[in-house]
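Trainee:
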Amino acid sequence: MQDFDPSKIKLITFDCYGTLIDWETGLQNSLASLAGVTKQSLPDLVQQYVQTEAAIEQQAYQSYAAIQRQTIQALAERYRLPVSPESADLLSQDIGNWSPFADTIDALKRLKSRFMLGILSNIDIDLFARTNRRLGIEFDLIITAEDVRSYKPSHEHFLRALEQSRLGKGEILHVAQSLFHDAAPAAALGFNFVWINRYNQSKPDDVPMIKELPDLKSLAGLLQCPPNPTSSASGTSGESRS
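The sequence shown begins at 0 in numbering that gives the first Met the number 0 and counts up by one.
Structural data, given as structure tokens:
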């Protein structure tokens, strides 16, 4: 565990999809609606989607909507699914409707009472804007893949956060569920990092982190944020990508 002084933190940045938003459940529901997908084939389809999308993100930059489309088309070819051009855009149409985890909104409001909040996400600007309408939070910093024209685990999101916030690494805490997309670059750059282990995964030995927590409610408690006067969190629970 890293040495950590919460009193030095001024900005908390979050991965969005998988940390704030129940990305896994949203993805499963969207893929399940494609023609030809069965209950039996869905788990393998989800796994192949995650792997294919990550591989495409490491290529030359293109919008996240385009990556989602390309990934769906690749899966349709592999699984011989009758996917129309309109259906290939299903995920970018659906993603703004995916639900926050049950603890997300209340925890963000608590954290907002003490800290600036930011988003570092592998997403397009317009797609996150739709998601943020569900979150209802005024973030102080929003950095998307479209802004930096790259995808985590590349370092550009984190470097842009330093540039725009004009803060030092010791004044920023990054919070995420994904070890691949977030923990690795945060550790490489020396950022404070808290792992939100929503799926009870085994803790890696080679990733320095301040703390492993099960949810964002625990984070708000760790940082001694006061309860909201009217606590009305809503959402579901789920896995990560960016």
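Each residue gets a CB set at the ideal place from its N, CA and C atoms; glycine is no exception.
Taking just the CA atoms, how far does Ser217 sit from Arg197?
Mentor: Rounded to the nearest angstrom, the two C-alpha atoms are 11 Å apart.
Trainee: Using beta-carbon positions only, say whether Val49 and Leu80 come within less than 8 Å of one another.
Mentor: Not a contact, by the Cβ cut-off of 8 Å.
Trainee: How is the beta strand (DSSP E) around Pro211 delimited, first residue to last?
Mentor: The sequence as given places Glu at residue 211; Pro does not occur at that position. Per DSSP, Glu211 belongs to the beta strand (DSSP E) from 210–212.
Trainee: Can you tell me which of the three DSSP states Leu119 falls into?
Mentor: Here Leu119 sits in strand by DSSP.
Trainee: Would you check if the distance between the CB atom of Ser86 and the CB atom of Leu33 is smaller than 8 Å?
Mentor: A contact, by the Cβ cut-off of 8 Å.
Trainee: How far does the beta strand (DSSP E) with Val193 in it reach, from first residue to last?
Mentor: 191–195 is the span of the beta strand (DSSP E), which, as asked, contains Val193.
Trainee: Taking only heavy atoms of the ligand ATP into account, decide whether any of them is closer than 7 Å to the Cβ of Arg148.
Mentor: No copy of the ligand ATP occurs in the structure displayed, which carries no ligand at all.
Trainee: Below 6 Å CB to CB, which residues in the same chain sit around Pro5 once its five sequence neighbours on both sides are set aside?
Mentor: Excluding residues within five positions, the ones whose Cβ falls inside 6 Å are Leu222.
Trainee: Measuring CB atoms only, is the stretch 17–31 touching the stretch 167–181, in the sense that at least three cross pairs come out at less than 8 Å?
Mentor: The stretch 17–31 is in contact with the stretch 167–181.
Trainee: Between Gly117 and Leu140, how many whole angstroms is the CB-CB distance? I'm expecting something under 8 Å.
Mentor: At roughly 3 Å, the Cβ-Cβ gap stays under 8 Å, so Gly117 and Leu140 are in contact.
Trainee: How should Ile8 be labelled, buried or exposed, when 16 other C-beta atoms within 10 angstroms of its C-beta is the threshold for buried?
Mentor: Answer is buried; the Cβ neighbour count reaches 16.
Trainee: Can you list, in chain order, the residues of its chain with a C-beta nearer than 8 Å to that of Leu188? Leave out the 5 residues immediately preceding and following it.
Mentor: The residues are His154, Phe157, Leu158, Lys168.
Trainee: For the structure I just gave you, are there three or more beta carbon pairs, one from the stretch 40–60 and one from the stretch 197–215, closer than 8 Å?
Mentor: Contact fails: fewer than three Cβ-Cβ distances are below 8 Å.
Trainee: Please tell me whether Leu74 and Leu44 are closer than 8 Å, where the distance is taken between their beta carbons.
Mentor: Their beta carbons are under 8 Å apart, which means Leu74 touches Leu44 by this criterion.
Trainee: With respect to the alpha helix (DSSP H) encompassing Leu10, which residues constitute its N-terminal and C-terminal limits?
Mentor: Element bounds for Leu10: not the alpha helix (DSSP H) but the beta strand (DSSP E), 10–13.
Trainee: I'd like to check one pair, Ala219 with Asp123: are the Cβ atoms closer than 8 Å?
Mentor: Taking 8 Å as the Cβ cut-off, Asp123 and Ala219 do not qualify as a contacting pair.
Trainee: With DSSP run on the structure shown, which of helix, strand or coil describes Leu243?
Mentor: For residue 243 there is no data in the structure shown, the boundaries of the chain being 0 and 241.
Trainee: So the beta strand (DSSP E) His173 belongs to, where does it begin and stop?
Mentor: 171–175 is the span of the beta strand (DSSP E), which, as asked, contains His173.
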